[in-house]
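According to the working numbering, the sequence shown is numbered sequentially starting from 92.
The C-beta atom is built at its ideal place from N, Cα and C for all residues, glycine as well.
These notes concern the structure reproduced below.
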Amino acid sequence: MAHLQQHAQHRHAPRNGQLLRYTNGHPTTSRRYDHLWVRLGKHLLWVATQQVSTHWLRHTTLTWVERNFGYATARAYAGHTDNGNAGTTATYVRASLPEVAAALAALTGEPHPLVSN
């Protein structure tokens, strides 16, 4: 987290905006991520074999959160809002910010200030 905070500071990322940025401060694009995964796949064969991508990481992370913390927490972790057709269950089950923070802390193995011990 300290490295991400340093990156945000050095690249002038807005507090509520996209974090990862080029050295000139412009936000990285999905094309940049695609290019990075292709480059990684040339050096790490399992990346190419498993077709690892940013979407793949999101999918596997959200699956882990859902299995360990439940549907409501996974939905909130993904940043899904109550807009749209998410089904009736989403109307009744909601996760709090501390619950999402607990999932993040468990995933990263780092403490989170919103998680009470």
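Quick check on the burial criterion: 16 or more other C-beta atoms within 10 angstroms. Buried or exposed for residue i?
i	result
Thr-164	buried
Ala-194	buried
Ala-186	buried
Could you tell me the alpha carbon to alpha carbon distance between residue i and residue j, rounded to whole angstroms?
i	j	result
Pro-105	Pro-118	10 Å
Pro-202	Ala-196	5 Å
Ser-144	Arg-166	20 Å
Pro-189	Gln-142	33 Å
Thr-199	His-150	16 Å
Asn-115	Asn-107	19 Å
Ala-99	Thr-120	16 Å
Over the uninterrupted alpha helix (DSSP H) stretch that includes residue i, give me the two end residues.
i	result
Glu-157	145 to 160
Pro-189	188 to 199
Arg-185	From DSSP, Arg-185 is part of no alpha helix (DSSP H); its letter is neither H nor E.
Ser-207	Note, Ser-207: premise wrong, no alpha helix (DSSP H); not H, not E.
Gly-132	121 to 134
Gln-97	93 to 101
Assuming residue i and residue j are in contact, meaning their beta carbons sit under 8 Å apart, how far apart are those beta carbons, in whole angstroms?
i	j	result
Tyr-162	Val-184	6 Å
Leu-110	Leu-127	Contact flag wrong, Cβ pair sits at about 15 Å.
Arg-123	Arg-112	10 Å between Cβ atoms; not a contact.
Three or more C-beta pairs below 8 Å linking the region 128 to 139 and the region 153 to 171: no
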